[in-house]
Every structure is written in structure tokens, then in C-alpha cells.
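Trainee:
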Amino acid sequence: MPDTVIGFVLLGIVMLVVLGIVFAIASRGGPATAAAKPPRGVHMPGPSFLPVVMSVAAALLGAGLAFRGQDQLANPFLAIPGLLVLVAGVVAWVRAANHEWRDTEHGSHDDGAAH
Amino acid sequence: MTSRTMQAHPAGEHEAAAVIQHGQSGMPTALVGMLLFIASEVMFFAGLFATYFNARASVGAGQWGPPEGAHELDLPLAAVLTAILVASSFTMQFGVWAIRRGDTGKLKLWTGITLALGALFLAGQLYDYSELGFGISDGVFGTTFYTLTGFHGAHVFGGTVGLTIVLARAMRGQFSARNHVAVEAVSMYWHFVDVVWIGVFSTIYLLR
Amino acid sequence: MATTTLEPRAGTYRRSWVIEWLTTVDHKKIGILYIVNSFLFFFAAGILALVIRTELAVPGLQIVDQATYNQAFTMHGTIMLFLFIIPALSGFGNYIVPLMLGAPDMAFPRINALSFWLLPLGGLLIFSGYLFGGAAAEGWTGYAPLTGQEYGTTPGTDLWIIGLTLVGTASILGAVNFIATIFKMRAPGMTLFRMPIFVWTVLVTAVLILLATPVLAAGLIALFIDRNYGGSFFDPTVGGNPILWQHIFWFFGHPEVYIVILPAMGVVSEILPVFSRKPLFGYKAFVFATIAIGLLSFSVWAHHMFTTGEVFLPFFAFMTALIAVPTGVKMFNWLATLWRGKLMLATPMLFALGFVSMFLIGGLSGVMLSSPPIDFHVQDTYFVVAHLHYVFFGGSVFGVFAATYYWFPKMTGRKLNEPLGKVHFWIHFIGFNLAFFPMHQLGLDGMPRRISDYSPDAGWTLLNFVSTIGAFMVAVSIIPFLINVIATFINGEPAGDDPWEGNTLEWATTSPPPPYNFDRLPPIHSERPLFFLTHGHGHAAERPADLEETEEEDVEHRGGLV
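Residue numbers (the numbering used here), protein chains in the order written: chain G, 14 to 128; chain D, 5 to 212; chain B, 8 to 569.
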């Protein structure tokens with residue numbers, strides 16, 4: 014339906030504008046500050062964009078399924094980007110887990126995958 | 005003061021990555037996570053099986069089957085697929101035993117074979133789909149058949165992705181006798197996928 | 008006061024707070040995200056409730072047409088349950104459970120973050136139906152064949168299905184996280200039977216989520232296939248069975264309502280002892296009652312389907328009545344906790360007491376509904392609406408507010424204003440009863456649920472009008488709450504580590520806690536480790552600073568939590 018497409022394009026533009034503003038604010042950094050260290054023996058994964066990115070990708074894929082046209086499996090404009098980002102996200106997640114595993118001191122006898 | 009939840013690790017040993025605390029005993033946390041995830045997947049398939057059984061009871065066991073004009077279900081092919089998947093569970097377990105002994109070479113071999121068998125299963129499943137004369141929208145048998153086998157196939161595909169990751173990491177030498185939780189986790193998942201198939205096969209092809 | 012060792016990390020830029028909150032994997036921040044997000048959805052769904060009540064105040068369609076009304080009650084129910092109550096309680100669980108266990112974080116912090124972010128996205132999808140021709144309008148229970156291809160033609164229903172699938176996935180991942188955390192990350196000395204009751208209720212809730220939500224997912228997928236790919240699951244004209252949807256939905260739906268109430272019961276079980284200055288009565292009974300409720304909750308689903316004629320009534324009636332027993336045990340234990348206690352009627356305690364009394368009423372109407380002869384008369388009437396609001400709202404929502412007032416000091420370092428809190432509570436409590444108690448009578452008088460209008464000759468007008476007044480009172484009571492929260496953020500009175508003299512470990516660290524939660528843990532020998540720390544086993548033990556000696560021993564064994 015043309016209206017749907019227009020609606021989504023507008024939504025997309027609004028989101029890009031919002032994200033642009035967010036980035037503008039976010040890129041203002043600051044001097045190094047003290048950061049708390051974990052107690053010895055405890056290792057925790059650092060901050061990550063992946064959860065947000067994967068959620069957005071999953072929502073895109075889902076929207077693609079919901080907005081499918083007749084005789085389509087899903088709306089390709091939504092589902093394909095969503096699927097691609099999702100797959101890329103899984104790859105990035107597994108690689109980040111690998112890095113963290115390798116960065117921990119001495120390795121371990123209990124390879125807890127970094128989640 | 006001692007604590008019963010502590011293991012006898014000397015202080016200073018470090019655990020890997022995300023939030024493993026010193027002194028954990030028992031199953032590694034990641035494996036606990038995989039087990040719980042599998043439990044939820046079991047319930048998901050339980051829901052799908054419920055739809056199959058309910059539809060079958062509604063239609064009546066006598067009339068339950070592919071719609072008029074379509075082929076009968078290909079039991080021999082399904083039996084072969086079952087054999088393939090069961091065999092792949094064995095090969096997966098051989099791989100796990102190998103890495104528990106520290107044998108990375110054998111791990112790679114058995115994981116590769118498991119992966120090949122899994123891919124073969126998927127190919128066979130797709131071939132079966134192409135030969136059947138009915139689709140998901142051809143009545144309630146078609147709907148339940150494709151939903152149940154389709155989601156199982158999707159889970160097999162997910163398993164092959166996991167196997168690929170394990171194989172890649174094994175080829176980079178990341179696993180050892182003391183460090184191979186990912187292998188254990190993927191193998192657990194793979195066995196689950198196999199058990200579900202045995203359920204699917206028995207229900208759809210044997211019980212009818 | 009607990010302190011944190013801070014070491015400058017060379018070359019680290021201070022990140023903007025937006026990036027910090029977008030990328031956080033810290034359970035405390037994620038907990039706050041959950042809670043804030045849920046309150047936003049609470050206000051949205053609350054506005055829909057006001058639309059419903061305004062329309063029903065007097066006969067005649069004044070402000071919406073039927074289609075819009077249907078969307079309103081569908082969205083109201085869906086949002087309140089899936090996007091407010093469960094995430095809010097989950098948010099408190101996220102923040103508090105690791106602290107109560109003496110753990111540095113949840114077992115899988117990044118998956119924890121993923122579980123959160125799926126919520127606003129899922130909610131966005133569900134709400135976006137309004138933008139695209141109409142939101143879902145078939146009731147939060149989405150019965151087939153109304154939701155099927157033939158009748159449910161708005162794209163909003165597909166969005167509802169997809170959005171709920173995302174939210175359900177988030178829940179399941181969260182459940183995995185909670186169970187793994189509780190089993191693997193307790194501090195030394197904390198055996199399962201020394202965990203706070205809140206942790207127990209979160210554990211059982213997580214098990215329920217783990218086992219029940221996937222069944223909903225299966226049902227939602229089946230419905231999607233029916234609507235979009237020509238499936239025949241629920242369409243009787245091609246061999247499907249609409250009652251199948253009800254079975255699948257309620258097999259999830261009943262554990263769902265226990266998912267909604269159990270954590271709130273846990274919150275109340277934490278608050279009552281602290282504000283009665285007495286230990287919780289019957290700790291072990293609470294644990295077993297919680298487990299029993301969890302187990303039994305899977306055996307009662309068809310009491311939502313008594314009137315279909317396809318249900319074996321005696322079994323489900325019996326099991327439903329049976330589940331009242333462990334619930335009653337909890338009720339008596341709460342009362343026994345209060346009995347002869349030195350009651351401190353601060354706002355958290357008021358909401359907790361409100362919970363106990365309101366949930367009692369809701370539970371009693373539930374036991375009435377468990378009887379098929381009664382149910383046959385009141386099924387799908389306002390009697391059920393009264394019951395569900397007494398347990399969801401009088402129960403869980405009161406629990407959410409109790410938790411908010413109780414743990415706000417821990418999360419922000421500032422205490423909410425007491426007089427404003429009391430104003431909130433009393434207007435809320437009176438408004439709530441005014442809104443929902445008349446509905447019992449309306450249901451007995453035969454008013455069906457989910458109707459947008461009724462005849463002036465039915466005799467329902469007065470009670471409906473009273474109910475609407477109550478609903479607006481509840482809405483008004485949110486104003487002092489919001490003022491309180493905002494003002495306290497800006498200029499609130501500092502709270503200190505332990506403003507309520509609590510019993511559990513979250514009060515043994517700063518308010519708010521440092522990033523890794525604890526510098527030193529008190530020794531854990533009971534389910535009230537902090538109580539024994541402050542009051543001693545007969546000798547006056549002081550705060551962590553005075554326990555250097557025992558701390559040294561613990562370093563060896565705990566190996567890293569210091």
C-alpha cells in the first residue's frame with residue numbers, strides 16, 4: 014500500500030534525524046575519568062551497541078513480515094535490511110565474545126562465553 | 005569461615021569473560037544458559053505438537069493425512085533422514101569426547117562430519133518438500149505438517165550455524181580439554197534438535 | 008560507608024550519557040531503563056483506560072466509535088500486561104536480584120540489555136497499528152476466528168502478533184538470565200534457603216516464563232500463518248479448530264497471570280518484615296507455597312474456557328480451587344508477619360498493606376469464578392473485569408508502586424517525599440476501589456465485558472458513572488507521584504545506604520551502588536544477613552568497617568569479591 018510506504022519513509026526520516034541529533038550530542042566527549050575496576054576474579058563484558066542494533070533489526074524484520082503485500086513472504090524493503098543487520102549482529106556478537114574470552118588473563122578452565 | 009558453595013580453587017585463578025565469579029562449581033554458566041534455552045524450545049515445540057494433535061483429533065484419525073490428489077508421505081525418505089540425523093548426533097558426541105581428551109584434530113573431523121550430515125538432512129528435507137503435492141495452505145494437515153517440520157528444519161539450520169562456528173574456532177585452535185564450553189553447548193543443542201526430530205518423525209510418519 | 012576503589016583508565020573519554028545508556032550492560036542501568044520504559048507504557052495504557060471509562064460513564068456513544076473502542080480495550084490490556092507490569096517487575100528484579108545475591112551483575116549482561124531493548128521496539132510495533140489503519144482490536148486474548156483472516160483485517164493485528172513475539176522473546180531471554188544468575192552467582196554462604204523471598208518469586212516467575220511463553224509464541228506464529236499464509240489452524244471451514252487457540256493461549260495465559268503476581272508478592276514479602284520490625288513469618292512455607300503456585304499454574308488454564316462446553320469441568324475447577332491453598336498460606340503468613348509487629352506506616356508499607364487487602368478481594372472473587380456454576384453466569388461479564396483488576400491492579404500494580412517507593416532511595420540515593428507519597432496512596436486506593444468494586448455488581452447484573460455502549464434501561468448507568476469517577480481519581484493520583492519523583496530527582500533528601508533498616512544485602516552497599524555492586528559483603532548465615540550484621544548474633548557487630556578481621560579470612564575463600 015502506498016500509504017504504508019510513505020508512512021515508513023517518514024518514520025525512517027524522523028528516526029534518522031533523531032539519531033543524528035543523538036550522535037551530535039554523543040560525540041561530545043570529555044577528559045578521562047576514573048573508572049571502577051571489577052574485583053579480582055570477576056570479568057564482565059563492556060558496553061555494547063549490539064543489543065540496540067539487534068533489537069532494531071529484529072523489529073525491521075518483524076515489520077517486514079507484518080507489512081507484506083499479497084503473495085509475498087515478507088516486505089523485502091524491511092525484511093532484507095533487518096535480516097542482514099541481524100546476521101551481521103550475530104557475527105559481531107560471537108566475535109566480541111571470542112575477543113573477550115581471549116583477553117581474559119591466562120584463559121581459564123571454564124570458558125564462559127561472554128554474553 | 006568456609007562456605008559450602010566454594011570450590012577449592014586457590015585465590016588468583018581467573019575465570020573467562022562475562023561475569024564468571026571465582027569459585028563457581030558445577031555446570032559452567034554458559035551451559036546452564038543453553039540448557040534453559042533448550043527447555044524453552046521444548047515448550048515451543050510442545051505448542052506446535054499440540055496443534056498437530058488437536059487438529060488430528062478434530063478431523064478424525066481415519067481421515068488424517070495429505071489432501072486428495074497429493075502424494076502420500078514419503079516414509080522411506082523420512083526414515084533415511086532420521087538415520088542421518090541420529091548418526092549426526094553420534095558424530096557430534098564423538099567430537100565432544102575428542103575435545104574432552106584434548107584431541108582438536110578429531111574434534112574438527114567429527115564436527116565437520118556432523119555439519120555435513122546436518123546439511124544433508126536439510127537438503128533431504130527440502131527435496132521432500134518439493135516432492136509433496138500439497139502446501140501449507142492446503143487444509144489443516146498441510147498447515148500443521150509444514151509448520152512442525154518447517155520450524156524443526158529452521159532449528160536444524162540454526163544448529164548448523166552453531167556447528168560452523170565451532171568448526172571455525174576449532175580450526176583456529178581455540179579449544180582445549182579445559183576450555184571448550186561452546187562445543188558442549190552446541191552439542192547439547194544438536195542432540196535436542198535430533199530428539200525433536202525423532203518426535204516429529206514418530207508422530208507424523210509412524211503414528212499418522 | 009562502603010567505598011569503591013577507583014583507578015583512572017588512561018585514554019578513556021567520558022562518554023555522553025546518551026551513549027552510556029544506549030550501550031549499557033550494567034544490570035542497574037538496565038533495571039532503571041525497564042522501569043522508566045514501563046511507566047511510559049503505563050501512562051499510555053492508562054489514557055486508553057480513561058477513554059474506555061469516559062465512553063462507558065453514560066449510555067450512548069459519545070467520544071469513540073465501536074471500532075476505536077475495540078482497539079482501546081485491546082491495546083489497554085496488551086500494553087498493561089506485557090509492556091507495563093511484567094517489565095516493571097522485571098526491572099526491579101534486574102536491579103535488585105544481583106544485589107540481594109551479592110553478585111556483581113546478571114549472568115549474561117549483554118543478553119540482559121538485548122532483553123530490554125526488544126521491549127520498546129516491540130511496543131512500538133504494537134502501537135504502530137494506530138498509524139496503519141487501526142491497531143489490534145480483538146481483545147488482549149486475540150481469540151480466533153475474530154483474529155483470523157476473514158474478520159481481523161486490520162494490519163494492526165499482524166503488528167500485534169509480531170510485536171508480542173518480540174516481547175515474548177525478550178521475556179524468555181530474561182528468564183534464562185535470571186535462572187542462571189540465581190543458580191550460579193550467589194555470594195558465598197548464600198544457600199538457596201537463605202535467599203530473600205523476592206529472589207525466590209523471581210526464580211519461580213522465570214521458570215514460568217521459560218516454560219509458558221514459548222507456547223504463546225507457537226500460538227502467535229500459528230495465528231500469523233493462518234492470517235497470512237493460508238493456514239488452517241483455527242479456521243473451522245478448512246478443518247481447523249477455534250477452540251485450539253483458546254487452549255494454546257490460556258495454557259500460556261494462566262501461568263502469565265502468576266508471572267504478573269508472584270514478583271509483586273515477593274516485593275510485599277520484603278517490605279512487610281522491614282516495616283513491621285519482625286522477621287517474615289514462615290520463610291520455608293513461603294518458598295514451598297511459591298513453588299506450588301508455579302507448578303499448579305500449569306494445570307488450571309481451562310478455567311478460562313468453562314463456557315466452551317469442551318472442557319472437563321471437575322478437574323479444572325478442582326485444580327483452580329486448589330491453587331487458592333498456597334496463596335492462602337502466603338496471605339496468612341503475611342498477616343502473621345504483621346501481627347504484634349512495630350508497624351511503620353511509611354508509603355512502601357501502605358502500598359504493601361494495600362496489596363494484601365486488595366489481592367485478598369481479588370483472590371476471593373477468583374475462587375468464586377473457579378466454580379463452574381457461578382462462572383457460567385458471570386463469564387465475560389464485568390465480574391471478571393472486577394476480579395482481574397483487583398488482582399492485577401490491586402495486586403501487581405500496588406506491588407510495583409510499593410517497590411518504587413521502597414527501592415527508589417537505593418537506586419537514586421534520595422528518599423521520595425513521604426507526605427506526597429501518602430497523598431498518592433490514599434487517592435489511588437480510594438479511586439481504585441471506587442472504580443472497580445462496582446464492577447462486581449455490574450457483572451452480577453449481567454453487563455457483558457468489551458461492550459462500547461449499553462442501554463439506559465439496563466440499570467447499569469449509576470455504577471458505571473461511579474466507576475468512571477474512580478478511574479479519574481486514580482489518574483489524578485499519579486500527579487503527586489510524578490511531582491514527587493521529579494522533585495526528588497532535582498532536590499531530594501539524601502538517603503544513605505540503608506534508610507529503611509532493611510534485612511537484605513542490597514542495603515549493605517551505597518545508594519546507588521558502585522558499578523560492581525559490592526566492595527565488601529557481610530557474612531551470610533541466614534536469610535537476613537544485614538539484620539544479623541547490624542544486630543549481631545547476640546554481640547553488637549557493626550558495619551563492614553569493623554569486620555576487617557573476618558573479612559581477611561573471607562578473602563581467601565571468596566577470592567575476589569573484595
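Heads up, the beta-carbon is just placed ideally off N, CA and C, and yes, glycines get one too.
When burial is assigned at 16 or more other CB atoms within 10 Å of the CB, is D/Asp-198 buried or exposed?
Mentor: D/Asp-198 should be labelled buried.
Trainee: Starting from B/Val-245, follow the alpha helix (DSSP H) in both directions and report where the run begins and ends.
Mentor: No alpha helix (DSSP H) contains B/Val-245, which DSSP labels as neither H nor E.
Trainee: What three-state label does DSSP hand B/Pro-195 in the structure shown?
Mentor: B/Pro-195 falls in the coil class under three-state DSSP.
Trainee: Under a Cβ-count criterion, where at least 16 other Cβ atoms within 10 Å of its own Cβ denotes burial, should G/Val-85 be classed as buried or exposed?
Mentor: The amino acid at residue 85 of chain G is misidentified as Val; the sequence shows Gln. Classification for G/Gln-85: exposed.
Trainee: What's the gap between the Cα of G/Ala-70 and the Cα of G/Pro-94?
Mentor: Their backbone Cα atoms lie some 8 Å apart in a straight line.
Trainee: According to the neighbour-count rule (16 or more other Cβ atoms, all chains shown, within 10 Å of its Cβ), is B/Val-43 buried or exposed?
Mentor: Under this definition B/Val-43 is an exposed residue.
Trainee: Could you spell out where the alpha helix (DSSP H) holding D/Arg-182 opens and where it closes?
Mentor: Premise fails: D/Arg-182 is in no alpha helix (DSSP H) and is neither H nor E.
Trainee: Counting contacts by CB-CB distance shorter than 8 Å, is D/Ser-141 in contact with chain B?
Mentor: Judged by the 8 Å Cβ criterion, D/Ser-141 is in contact with chain B.
Trainee: Are the CB atoms of B/Leu-168 and D/Thr-151 nearer to each other than 8 Å?
Mentor: Correcting the residue type first, residue 168 of chain B is Ile in the shown sequence and not Leu. Not in contact: B/Ile-168 and D/Thr-151 (Cβ atoms no closer than 8 Å).
Trainee: Check the C-beta distance from B/Gly-141 over to B/Thr-161 and give it rounded, since I have them as a contact under 8 Å.
Mentor: About 4 Å separates the two Cβ atoms, so the contact holds.
Trainee: Please state the DSSP three-state secondary structure of B/Lys-429.
Mentor: It is helical.
Trainee: Could you compute how far the alpha carbon of B/Leu-40 sits from the alpha carbon of D/Ala-43?
Mentor: Approximately 28 Å between the Cα atoms of the pair.
Trainee: Is the beta carbon of B/Tyr-412 closer than 8 Å to that of B/Thr-475?
Mentor: No.
Trainee: What is the DSSP secondary structure of B/Pro-416, reduced to helix, strand or coil?
Mentor: Looking at B/Pro-416 - three-state DSSP - the assignment turns out to be helix.
Trainee: Using a Cβ-Cβ cutoff of less than 6 Å, which residues in the same chain neighbour B/Glu-317 once the five nearest sequence positions on both sides are dropped?
Mentor: Cβ within range, chain order: Ile-250.
Trainee: Along chain E, in chain order, which residues have C-beta atoms closer than 9 Å to that of B/Asp-165?
Mentor: This model lacks chain E altogether, as its protein chains are G, D and B.
Trainee: Going by beta-carbon coordinates alone, are B/Ala-393 and B/His-447 separated by less than 8 Å?
Mentor: Result yes, Cβ atoms of B/Ala-393 and B/His-447 sit closer than 8 Å.
Trainee: Looking only at its own chain, which residues have a Cβ that is under 6 Å from the Cβ of B/Thr-596, when we skip the five neighbours before and after it?
Mentor: Residue numbering for chain B in the displayed model covers 8 to 569; residue 596 of chain B lies beyond these limits and cannot be assessed.
Trainee: Is there contact between the stretch 135-147 of chain D and the stretch 54-66 of chain D, where contact requires at least three CB pairs shorter than 8 Å?
Mentor: Yes, the stretch 135-147 of chain D touches the stretch 54-66 of chain D.
Trainee: Label B/Phe-200 either buried or exposed according to how many other C-beta atoms from any shown protein chain fall within 10 Å of its C-beta, with 16 as the threshold for buried.
Mentor: B/Phe-200 is exposed by the Cβ-count criterion.
Trainee: Step through the CB atoms of chain B and report whether any lies within less than 8 Å of the CB of G/Val-98.
Mentor: Not one chain B Cβ lies under 8 Å of G/Val-98.
Trainee: So, for G/Asn-111: in the same chain, excluding its five sequence neighbours on each side, which residues have a beta-carbon less than 6 Å away from its beta-carbon?
Mentor: Excluding residues within five positions, none has a Cβ falling inside 6 Å.
Trainee: Do B/Leu-47 and B/Ala-482 come within 8 Å of each other at the CB atom, strictly closer than that value?
Mentor: For B/Ala-482 and B/Leu-47, no; Cβs fall outside 8 Å.
Trainee: In its own chain, which residues sit with a C-beta less than 6 Å from the C-beta of B/Gln-253, not counting the 5 before and 5 after it?
Mentor: Met-312.
Trainee: Between B/Leu-120 and chain G, is any beta-carbon pair separated by less than 8 Å?
Mentor: Checking the sequence shown, residue 120 of chain B turns out to be Ala, not Leu. So yes, B/Ala-120 belongs to the interface.
Trainee: Under a CB-based cut-off of 8 Å, is D/Thr-33 close to chain B?
Mentor: It does; some Cβ of chain B falls within 8 Å.
Trainee: Can you tell which of B/Thr-154, B/Tyr-76, B/Gly-163 and B/Ala-478 has its C-alpha closest to the C-alpha of G/Ala-76?
Mentor: If we check each option's Cα against that of G/Ala-76, B/Gly-163 comes out closest.
Trainee: Run the CB neighbour count on B/Met-418, radius 10 Å, all protein chains shown included, and call it buried at 16 or more, exposed below.
Mentor: By the 10 Å Cβ count, B/Met-418 comes out buried.
Trainee: Have a look at the DSSP bridge pairing and note the partners of B/Arg-421.
Mentor: Bridge partners of B/Arg-421: B/Pro-501.
Trainee: Any idea what DSSP makes of B/Thr-161, helix, strand or coil?
Mentor: Correct three-state label for B/Thr-161: coil.
Trainee: My assumption, with CB atoms under 8 Å, is that G/Ala-87 sits in contact with B/Leu-128. Please give the rounded CB distance.
Mentor: About 17 Å separates the two Cβ atoms, so there is no contact after all.
Trainee: Please return the same chain residues whose Cβ sits closer than 7 Å to the Cβ of B/Ile-103, not counting the five positions on each side in sequence.
Mentor: These residues qualify, in order along the chain: Phe-205, Trp-414 and Glu-513.
Trainee: Are any of the Cβ atoms in chain G nearer than 8 Å to that of B/His-546?
Mentor: In this predicted model, B/His-546 has a pLDDT of only 39, less than 50, meaning its place in the structure is not dependable; the value taken from the coordinates is given anyway. Answer no: the Cβ-Cβ gap between B/His-546 and chain G never drops below 8 Å.
Trainee: For B/Leu-217, which residues in chain D fall below 8 Å Cβ to Cβ?
Mentor: Those are Leu-40, Ala-43, Ser-44 and Met-47, listed as they occur along chain D.
Trainee: Determine, using beta-carbon pairs with one atom in the stretch 400-408 of chain B and one in the stretch 358-375 of chain B, whether at least three such pairs fall under 8 Å.
Mentor: In short, these stretches touch, since the Cβ pair count reaches three.
Trainee: Take B/Leu-537 and list the residues in its own chain whose beta-carbon comes closer than 8 Å to its own, dropping the five residues that flank it on each side.
Mentor: For B/Leu-537, where only same-chain residues beyond five positions count, the Cβ hits under 8 Å are Asp-505, Gly-509, Asn-510, Thr-511, Leu-512, Trp-514, Ala-515 and Pro-529.
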